[in-house]
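>
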Amino acid sequence: MIIRAADPDDFAAIKAVARATWHDTYDELEAEVIDETVDDWYADDSMPLEAPGTMVFVVERAESGSDEEGELVAFTHAVAQGDTADVLRLYVHPDHQGKGVGTELHDHLLERLEAYGVDRVRSLDFAFNDASRRFYEGLGFEQTDTGVVVIDGESYDEAVYTLEL
């Protein structure tokens, strides 16, 4: 597994991972709503790679000589402002979940955020996503707040998880 900073050529693969993950994870949303949201939220300009405090990392498979070598299987997107960073996205393709990919990617992100001077990390996800809750709590996060996100005119509760570094 190779973790590296994303570049503009990665956006199509990032969108593919997001789409597969959303369809696998968010049963509460209709397939058409998922596709429209992914197309909107994961446009080429949705993660400005050069913006101050923006960090986008991807995970590539590294099995030398295999057909999947170099395949992008996960990504994360965080924005740091002052001493706090928000993890806006951390997705692992469903075929690669449960293998430590997300944990390694998150650890890599935390190292970069700490070097940036961050001492508090927040992550947001749908409140109904029990797998996300277990993942973040397993990393030491605590749910500290709630919010609401509107998708296709519908409001959904969000959970806000916080980790003090």
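When you line the sequence shown up against the UniProt record's numbering, it's residues 1 to 165, in that order.
Backbone N, C-alpha and C fix where the C-beta goes; we use that ideal spot for every residue, glycine too.
Between the C-alpha atoms of threonine 144 and glycine 70, what's the straight-line distance to the nearest angstrom?
Along the sequence shown, one-based indexing puts residue 144 at 144. Along the sequence shown, one-based indexing puts residue 70 at 70. When rounded, the distance between both Cα atoms is 37 Å.
> In the DSSP assignment, find the unbroken alpha helix (DSSP H) run with serine 132 in it and report its ends.
Here residue 132 corresponds to residue number 132 of the sequence shown, with the count starting at 1. Counting along the chain, the alpha helix (DSSP H) containing serine 132 begins and ends at 130-138.
> Which partner residues does methionine 55 have in the DSSP bridge list?
Numbered from 1 along the sequence shown, position 55 holds the residue referred to as residue 55. DSSP, once it has assigned bridges, lists Ala78 as partnering methionine 55.
> By the DSSP assignment, the alpha helix (DSSP H) with valine 38 in it spans what residues?
Here residue 38 refers to the residue found at position 38 of the sequence shown. It spans 31-41 - the alpha helix (DSSP H) in which valine 38 sits, taken as one unbroken run.
> DSSP beta-bridge partners for phenylalanine 141?
For the purposes of this step, residue 141 is identified with residue 141 of the sequence shown, where counting begins at 1. DSSP, once it has assigned bridges, lists no residue as partnering phenylalanine 141.
> Assign residue 169 to one of three DSSP states: helix, strand, or coil.
Coverage of the chain is limited to positions 1 through 165, which leaves residue 169 absent and any answer about it impossible.
> I need the DSSP call for aspartate 95, collapsed to helix, strand or coil.
One-based indexing of the sequence shown puts residue 95 at position 95. In this structure, aspartate 95 counts as helix in the three-state DSSP scheme.
> Alpha carbon to alpha carbon, how far is phenylalanine 141 from phenylalanine 135? Give it in angstroms, no decimals.
As a first step, residue 135 is located in the sequence shown; it is residue number 135 there, counting from the start. As a first step, residue 141 is located in the sequence shown; it is residue number 141 there, counting from the start. One C-alpha to the other measures close to 9 Å.
> What number of angstroms, rounded off, separates the C-alpha of valine 73 from the C-alpha of aspartate 107?
Mapped onto the sequence shown, residue 73 falls at position 73. Mapped onto the sequence shown, residue 107 falls at position 107. Rounded to the nearest angstrom, the two C-alpha atoms are 16 Å apart.
> Nearest to aspartate 157 by alpha carbon, out of Ala16, Leu29 and Arg4?
Sequence index remark: in the sequence shown, residue 157 carries index 157 (1-based). Taking only the C-alpha atoms, the option nearest aspartate 157 is Leu29.
> Would you decide whether serine 123 is buried or exposed? Buried here means 16 or more other CB atoms lie within 10 Å of its CB.
Mapped onto the sequence shown, residue 123 falls at position 123. Burial call: buried.
> Tell me whether leucine 49 sits in a helix, a strand or coil according to DSSP, three-state version.
Taking the first residue of the sequence shown as position 1, residue 49 is located at position 49. Leucine 49 falls in the coil class under three-state DSSP.
> Could you give the uninterrupted runs of the beta strand (DSSP E) lying entirely in the stretch 96-128, keeping only those of 3 residues or more?
List check, beta strand (DSSP E) in window: 120-126.
> Report buried or exposed for alanine 113, applying the criterion of at least 16 other Cβ atoms within 10 angstroms of its Cβ.
For the purposes of this step, residue 113 is identified with residue 113 of the sequence shown, where counting begins at 1. Note that residue 113 is leucine in the sequence shown here, rather than alanine. Per the 10 Å Cβ criterion, buried.
> Can you tell me the Cβ-Cβ gap for threonine 146 and tyrosine 91, rounded? I've got them flagged as a contact below 8 Å.
Numbered from 1 along the sequence shown, position 146 holds the residue referred to as residue 146. Numbered from 1 along the sequence shown, position 91 holds the residue referred to as residue 91. No, threonine 146 and tyrosine 91 are not in contact; Cβ-Cβ is about 21 Å, not under 8 Å.
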